[in-house]
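Using full-length UniProt numbering, read the sequence shown as starting at 1 and increasing by one per residue.
The beta carbon of each residue, even a glycine, is placed where N, CA and C say it ideally should be.
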Amino acid sequence: MNMDVPFAPVVVTAAQMQAIEARIFSHGMPVAALMEKVAQRITQRIQQRYPLPQFPRAAILVGPGHNGGDALVVARELHHRGYQVQMHQPVSTLKPLTADHARYAQHLGLSFCQNSQDWLAADFIVDGLFGFGLTRPVSGALADLVAVINQSSVPVVSIDLPSGLHTDSGAVLGTAIAARHSYCLGLWKRAFFQTAALPYLGQAELIPFDIPALDQAAILSQSAPIQLITPSLVRQLLPWDRPPAAHKYQVGSLLLICGSQQYPGAALLCARSAQASGVGMLYVAVPQSLRLWVVSQIPEAVVIACPETDTGAIAALPSDIHWERIDAIALGPGLGDSPIVPALLAVDKPLVLDADALNQLAQMPVEATLQARSSPTLLTPHGGEFKRLFPREAERNGDLMNCVRDLASQLHVVLVLKGAKTFIAGPDGCLWINPESTPALARGGSGDVLTGLMGGLLAQHPQPAASSGWITQLAATAVWWHAQAGCFAAQRYSQLSVSPSLLVDTLKDSLAHLRLA
Ligand SMILES: NC(=O)C1=CN([C@@H]2O[C@H](COP(=O)(O)OP(=O)(O)OC[C@H]3O[C@@H](n4cnc5c(N)ncnc54)[C@H](O)[C@@H]3O)[C@@H](O)[C@H]2O)[C@@H](O)CC1
Ligand SMILES: Nc1ncnc2c1ncn2[C@@H]1O[C@H](COP(=O)(O)OP(=O)(O)O)[C@@H](O)[C@H]1O
Ligand SMILES: [K+]
Numbered sequence: 001m002n003m004d005v006p007f008a009p010v011v012v013t014a015a016q017m018q019a020i021e022a023r024i025f026s027h028g029m030p031v032a033a034l035m036e037k038v039a040q041r042i043t044q045r046i047q048q049r050y051p052l053p054q055f056p057r058a059a060i061l062v063g064p065g066h067n068g069g070d071a072l073v074v075a076r077e078l079h080h081r082g083y084q085v086q087m088h089q090p091v092s093t094l095k096p097l098t099a100d101h102a103r104y105a106q107h108l109g110l111s112f113c114q115n116s117q118d119w120l121a122a123d124f125i126v127d128g129l130f131g132f133g134l135t136r137p138v139s140g141a142l143a144d145l146v147a148v149i150n151q152s153s154v155p156v157v158s159i160d161l162p163s164g165l166h167t168d169s170g171a172v173l174g175t176a177i178a179a180r181h182s183y184c185l186g187l188w189k190r191a192f193f194q195t196a197a198l199p200y201l202g203q204a205e206l207i208p209f210d211i212p213a214l215d216q217a218a219i220l221s222q223s224a225p226i227q228l229i230t231p232s233l234v235r236q237l238l239p240w241d242r243p244p245a246a247h248k249y250q251v252g253s254l255l256l257i258c259g260s261q262q263y264p265g266a267a268l269l270c271a272r273s274a275q276a277s278g279v280g281m282l283y284v285a286v287p288q289s290l291r292l293w294v295v296s297q298i299p300e301a302v303v304i305a306c307p308e309t310d311t312g313a314i315a316a317l318p319s320d321i322h323w324e325r326i327d328a329i330a331l332g333p334g335l336g337d338s339p340i341v342p343a344l345l346a347v348d349k350p351l352v353l354d355a356d357a358l359n360q361l362a363q364m365p366v367e368a369t370l371q372a373r374s375s376p377t378l379l380t381p382h383g384g385e386f387k388r389l390f391p392r393e394a395e396r397n398g399d400l401m402n403c404v405r406d407l408a409s410q411l412h413v414v415l416v417l418k419g420a421k422t423f424i425a426g427p428d429g430c431l432w433i434n435p436e437s438t439p440a441l442a443r444g445g446s447g448d449v450l451t452g453l454m455g456g457l458l459a460q461h462p463q464p465a466a467s468s469g470w471i472t473q474l475a476a477t478a479v480w481w482h483a484q485a486g487c488f489a490a491q492r493y494s495q496l497s498v499s500p501s502l503l504v505d506t507l508k509d510s511l512a513h514l515r516l517a
């Protein structure tokens, strides 16, 4: 198998972006030339989004730094292209380059407007107040201005990122502009994938400016990368073509251990999704009272009936399981208070842990238990499970991206923190982010579908080839496929219609779409 990772977009901190820019400038690229180049590209994009005939009036918000400088170049270019441009500059002191652009705008006769009511009578606003140079909270008159803009119904295009957001954590510093479109410049900044920032970003787009690969690598190779999952990565990792003489035990055997009388549905969703992953053999261990029901719903699965506890959870696994046939295990959805988790953590097989398995792990010495494992371990907590597992880390470290990364390398696991933007970190410190998903997935049972899919993909891959980085990418592939199925179903029907059952049914459609694209 080709283990090269195809090109994937990177995600950077403000400090990394500044260091890359500084390198470019030190090698002779004039600051003003870069600003001009970037602003031309932004202008072009604005023209496409807000064509002159329908949106003739532009209001430009000019900040003190180079974000304001970008905005002034955009103002000038929109003026030259026939837009009626009005500007508002709420801070009097400008950086020298920004001040030059302001002087030239005045020379061209562009008006600076003091009254925000006049200024707001525009068809769209360009927000060039602050970019990655925002260091302290937006307050006083500036905060009032942001409130007026947010209360108006005029659409806002934010340059680089909505003013008021912290470039790394995505936290709102005092207050922030709620944009309709955000044009992130150069490389994706972390804020674009942070939960706190999502309500402010609107539709996010990258405006590249031809950063030389050498300069980018010089700065970013100093630490493990943060990258976005792309269709080409997924395409490479999916086990599309089976050997011509394959038999069912050669294309992945997954043991799914899930369900209880209290949560039978979780077992079914997880099993149906594992089936959809293409796994060769699917064994589903459930409490014995669920056996017939599961068999009737998934005739393809070998359903293993387990003795039950008083509460209807799995009391133990039967002794006749053919462990040598099992390539991977997925444990947790709907498991309830089954006492089998500690024994399974000791089994030397690749293991996906979710839901109740994670809650039980949280009651154990987490670090020692995970570090004692010899096979790959994948944890898929949502935010609540994550806090239960790692309360100190979740509290201490404001930035979950760093937190997930540190934990994955420290514990030598693949850690998948599920959310609107799911983070997937591996033992090597690499972090993948799923850039595209849908809130249609915010529904009980969606996570069970992911567990089955991830377990199924894990089982289908030959273990000797499985480096830790590669297993992380496999987990990322499952996350991507799951989210794409959600997007696909939401688009075909509506966000309201994406039940986890429909999600399972749509897995094959999103896969077909990927294969044909
Ligand atoms: N350096 C360049 O030539 C390039 C810059 N670019 C643009 O430049 C931006 C970064 O420029 P800067 O580093 O000048 O930073 P910003 O324009 O984001 O803002 C920095 C200025 O805001 C002030 N400031 C920070 N927080 C404040 C607050 N709460 N209240 C009032 N004032 C506050 C600072 O004192 C400083 O004057 C990027 O986001 C991007 O838009 C990009 O166009 C790429 C090229
Ligand atoms: N707002 C959202 N946008 C995108 N994806 C979401 C959103 N909310 C939840 N999800 C996804 O839905 C799934 C929910 O999983 P989980 O919370 O474990 O649900 P359950 O335990 O009910 O099955 C995760 O994959 C998560 O990433
Ligand atoms: K901005």
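Beta bridge counterpart(s) of Q491 as assigned by DSSP: The partner list for Q491 (beta bridge, DSSP) is empty, contrary to what the question assumes.
Does the pairing of the segment 15-26 with the segment 52-70 give three or more beta-carbon distances under 8 angstroms? Result no; under three Cβ-Cβ pairs closer than 8 angstroms.
Considering only the alpha carbon of each residue, which of L415, H412, I433 lies closest to K421? The shortest C-alpha to C-alpha distance from K421 to any of L415, H412, I433 is the one to I433.
Using 8 angstroms as the threshold, is the segment 365-374 in touch with the segment 478-488, meaning 3 or more CB pairs across them? By the criterion of at least three beta-carbon pairs nearer than 8 angstroms, the segment 365-374 is not in contact with the segment 478-488.
Taking 8 angstroms as the threshold, find out whether the segment 99-114 comes into contact with the segment 135-152 through three or more Cβ pairs. They do not touch, by the three-pair rule.
With G456 and C430 assumed to form a contact (beta carbons below 8 angstroms), what rounded beta-carbon distance in angstroms separates them? With a beta-carbon spacing of about 23 angstroms, G456 and C430 fall beyond the 8 angstroms limit used to define contacts.
Nearest to V11 by CA position, among T167, P30, L61, M29, is which residue? Closest by alpha carbon: T167.
Quick one: which unbroken alpha helix (DSSP H) runs of 4-plus residues sit fully inside the segment 278-338? Chain order, please. Counting only runs of 4 or more, we get 291-297.
Are at least three pairs of beta-carbons, each pair with one atom in the segment 326-337 and one in the segment 445-456, less than 8 angstroms apart? Segments in contact, yes.
Within 10 angstroms of the Cβ of F7, are there 16 or more other Cβ atoms? Answer buried if so, exposed if not. For F7, the number of other beta carbons within 10 angstroms of its own is below 16, and it is reported as exposed.
Chain B beta carbons: is any one of them nearer than 8 angstroms to that of W481? Considering every chain present, this structure includes no chain B. It has just one protein chain.
Compute every distance between the C-beta of T135 and the non-hydrogen atoms of ligand 1, then say whether any falls below 7 angstroms. Yes, ligand 1 has a heavy atom inside 7 angstroms of this Cβ.
Flag this pair as yes or no: are the beta carbons of S277 and L335 separated by less than 8 angstroms? Not a contact, by the Cβ cut-off of 8 angstroms.
Exposure of E385, with buried meaning 16 or more beta-carbon neighbours within 10 Å: Around the Cβ of E385, a 10 Å sphere holds 16 or more other Cβ atoms; the residue is buried.
Would you kindly work out how many angstroms separate the C-alpha atoms of Y228 and C487, rounded to a whole number? Looking at the sequence itself, residue 228 is Leu, so the reference to Tyr does not match. A direct Cα-to-Cα measurement between L228 and C487 gives close to 17 angstroms.
Complete runs of the beta strand (DSSP E) confined to the segment 169-256 [at least 3 residues]: Runs of the beta strand (DSSP E) inside the segment 169-256: 181-185, 203-207, 226-228.
Helix, strand or coil, according to DSSP, for S510 in the structure here? If DSSP states are grouped into helix, strand and coil, S510 belongs with the helices.
Considering only C-alpha positions, which residue in the set L206, I207, S221 is nearest to A213? Closest option to A213, Cα to Cα, is S221.
Measuring from the CB of S497, is there a heavy atom of ligand 2 at a distance below 7 angstroms? Flag unset: Cβ of S497 not near ligand 2.
CB-CB under 6 angstroms to Q473, same chain, minus the five flanking residues each way: which ones, in chain order? Correct list, in chain order: L237.
Taking the alpha-carbon positions, what's the H79 to Q47 distance? Roughly 12 angstroms separates the two Cα atoms.
Going by C-alpha to C-alpha distance, which of A285, G69, Y263, C403 sits closest to W323? Of the candidates A285, G69, Y263, C403, the one whose C-alpha sits nearest the C-alpha of W323 is A285.
For residue 523, collect the residues of the same chain with a Cβ closer than 6 angstroms to its Cβ; drop the 5 residues on either side in sequence, then sort them by chain order. The chain is shown from 1 up to 517; residue 523 falls before or after that span and cannot be answered.
CB contact flag (L145, A197, <8 angstroms): Not in contact: L145 and A197 (Cβ atoms no closer than 8 angstroms).
Taking the alpha carbon of G280 as the reference point, which residue from M29, G252, S374 has its own alpha carbon closest? Comparing Cα positions, the closest option is G252.
Does the distance from the CB of V295 to the CB of A267 come in under 8 angstroms? Contact flag unset, no.
Count the other CB atoms within 10 Å of the CB of K248; is the residue buried (16 or more) or exposed (fewer)? So K248 counts as exposed.
Ligand 3 heavy atom lying under 7 angstroms from the CB of L161: Indeed, a heavy atom of ligand 3 lies less than 7 angstroms from the Cβ.
What residues come near ligand 2, if near means a beta carbon less than 5 angstroms from any of its heavy atoms? Checking every Cβ against the heavy atoms of ligand 2 under 5 angstroms gives H382, K418, A420, T422, S437, P439, L441, A442, G444, G445, S446, G447, D448, L450.
Can you tell me whether E395 is buried or exposed, with buried defined as 16 or more other CB within 10 angstroms of its CB? Flag for E395 reads exposed.
Express the C-alpha separation of C270 and V148 in angstroms, rounding to a whole number. Between V148 and C270, the C-alpha separation is close to 48 angstroms.
Output yes or no for whether 8 angstroms exceeds the beta carbon distance between C378 and L353. Note on identity: in this sequence residue 378 is Leu, with Cys being the wrong assignment. Their beta carbons are under 8 angstroms apart, which means L378 touches L353 by this criterion.
Restricting to runs no shorter than 4 residues, where is the alpha helix (DSSP H) found entirely within the segment 349-375? Listed in chain order, the complete alpha helix (DSSP H) runs (minimum 4 residues) inside the segment 349-375 are 355-361, 366-371.
Flag M87 as yes when its Cβ comes closer than 7 angstroms to any non-hydrogen atom of ligand 1, and as no otherwise. No, the beta carbon of M87 sits no closer than 7 angstroms to any heavy atom of ligand 1.
For Q44 and H88, I'd like the C-alpha separation in whole angstroms. In a straight line, the C-alpha of Q44 is about 21 angstroms away from that of H88.
Among Y183, G445, V234, which residue has its Cα nearest to the Cα of I42? Of the listed residues, the one whose Cα sits closest to I42 is Y183.
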